[in-house]
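Colleague:
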Amino acid sequence: YPKADYICIDEPEIRLATHDRFGKLEDLIVNIAKELQCSKAAVTRGHYGSFTYEEGNGFFKIPVFSTEVVDRLGAGDAYLSITSLCVAAGYPMEMVGFIGDAVGALAVRIVGNKSSVEPVPLFKFITTLLK
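Sequence positions in the sequence shown follow UniProt numbering and run 1 to 131.
Here it is, written out as structure tokens:
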């Protein structure tokens with residue numbers, strides 16, 4: 001999709017899309033962002049956290065915040081759901097990745113789609129992380 005406002009993809013998907021299993025992730029992100037004429041991107045990396053990128057500001061490596069994984073189903077969807085809104089609101093990409101990883105950390109504690117990540121527990125979790 002050329003001229004995307006924001007790309008959010010996981011590492012295996014970006015490696016498949018670029019046909020590059022071993023290349024430097026940062027190079028793959030820049031290449032796909034240029035190809036799609038997109039200035040903002042996020043790549044989730046499972047238990048390695050995530051990378052966010054913004055043209056002109058570079059890369060931000062965000063650590064993983066989950067200590068307990070019950071079910072990873074839906075964690076990427078939760079990440080995209082919150083980060084797309086953050087990008088649309090104009091948040092800095094470093095903050096976008098931080099919030100996305102916090103939501104992902106809460107999402108992996110939920111079995112299947114039993115419940116969603118609610119705002120109050122998210123706010124409390126972020127407050128705990130920032131202390």
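Every residue, glycine too, gets a C-beta built ideally from N, C-alpha and C.
Quick one: is Phe123 buried, meaning 16 or more other Cβ sit within 10 Å of its Cβ, or exposed?
Modeller: Counting from 1 along the sequence shown, the entry for residue 123 is found at position 123. Per the 10 Å Cβ criterion, exposed.
Colleague: Pick helix, strand or coil for Val87, following the three-state DSSP scheme.
Modeller: In the sequence shown, counting from the first residue as 1, residue 87 sits at position 87. Looking at Val87 - three-state DSSP - the assignment turns out to be helix.
Colleague: Counting C-beta neighbours from all protein chains within 10 Å, is the total for Leu130 16 or more, i.e. buried, or is it exposed?
Modeller: Residue numbering aside, residue 130 sits at position 130 when the sequence shown is read from its first letter. With fewer than 16 Cβ atoms within 10 Å of its Cβ, Leu130 is classed as exposed.
Colleague: In the structure shown, what three-state DSSP assignment does Ile7 receive?
Modeller: Translated into positions along the sequence shown, residue 7 becomes position 7. Note: Ile7 maps to strand in three-state DSSP.
Colleague: Applying the criterion that 16 or more other CB atoms from any shown protein chain within 10 Å of the CB defines a buried residue, is Leu73 buried or exposed?
Modeller: On the sequence shown, residue 73 is found 73 positions in, with the first residue counted as 1. The residue in question, Leu73, is exposed, as its Cβ has fewer than 16 Cβ neighbours within 10 Å.
Colleague: Using C-beta distances below 8 Å, list every residue in its chain close to Leu36, excluding the 5 sequence neighbours before and after it, in chain order.
Modeller: Sequence index remark: in the sequence shown, residue 36 carries index 36 (1-based). Hits under 8 Å: Tyr1, Pro2, Lys3, Ala4, Ile7.
Colleague: Report the rounded CA-to-CA distance for Val64 versus Asp101, giving the unit in angstroms.
Modeller: The residue labelled residue 64 in the question sits at position 64 within the sequence shown. The residue labelled residue 101 in the question sits at position 101 within the sequence shown. Distance between the alpha carbons of Val64 and Asp101: 6 Å.
Colleague: Terminal residues of the continuous alpha helix (DSSP H) containing Gly100?
Modeller: Taking the sequence shown and counting its residues from 1, one reaches residue 100 at position 100. 93 to 107 is the span of the alpha helix (DSSP H), which, as asked, contains Gly100.
Colleague: Output the boundary residues of the alpha helix (DSSP H) element that contains Val43.
Modeller: For the purposes of this step, residue 43 is taken as residue 43 along the sequence shown, with counting starting at 1. Premise fails: Val43 lies in the beta strand (DSSP E), 40 to 44, not in any alpha helix (DSSP H).
Colleague: How many angstroms separate the CA atom of Gly90 from the CA atom of Lys40?
Modeller: For the purposes of this step, residue 90 is identified with residue 90 of the sequence shown, where counting begins at 1. For the purposes of this step, residue 40 is identified with residue 40 of the sequence shown, where counting begins at 1. Taking the straight line from one Cα to the other gives about 11 Å.
Colleague: Please state whether DSSP places Ser116 in a helix, a strand or coil.
Modeller: The residue you call residue 116 lines up with position 116 of the sequence shown. Residue state, collapsed to three classes: coil.
Colleague: Provide the residue span of the beta strand (DSSP E) that contains Ile62, from first to last.
Modeller: Here the question's residue 62 lines up with position 62 in the sequence shown. Unbroken beta strand (DSSP E) run through Ile62: 58 to 62.
Colleague: Going along the chain, which residues of its own chain have a beta-carbon closer than 7 Å to the beta-carbon of Val103, five neighbours each way excluded?
Modeller: Working through the sequence shown from its first residue, we reach residue 103 at position 103. Contacts found: Ala78, Tyr79, Ile82, Val117, Leu122.
Colleague: Give the DSSP-derived three-state secondary structure of Glu55 in the structure shown.
Modeller: Walking along the sequence shown from the start, residue 55 turns up at place 55. Correct three-state label for Glu55: coil.
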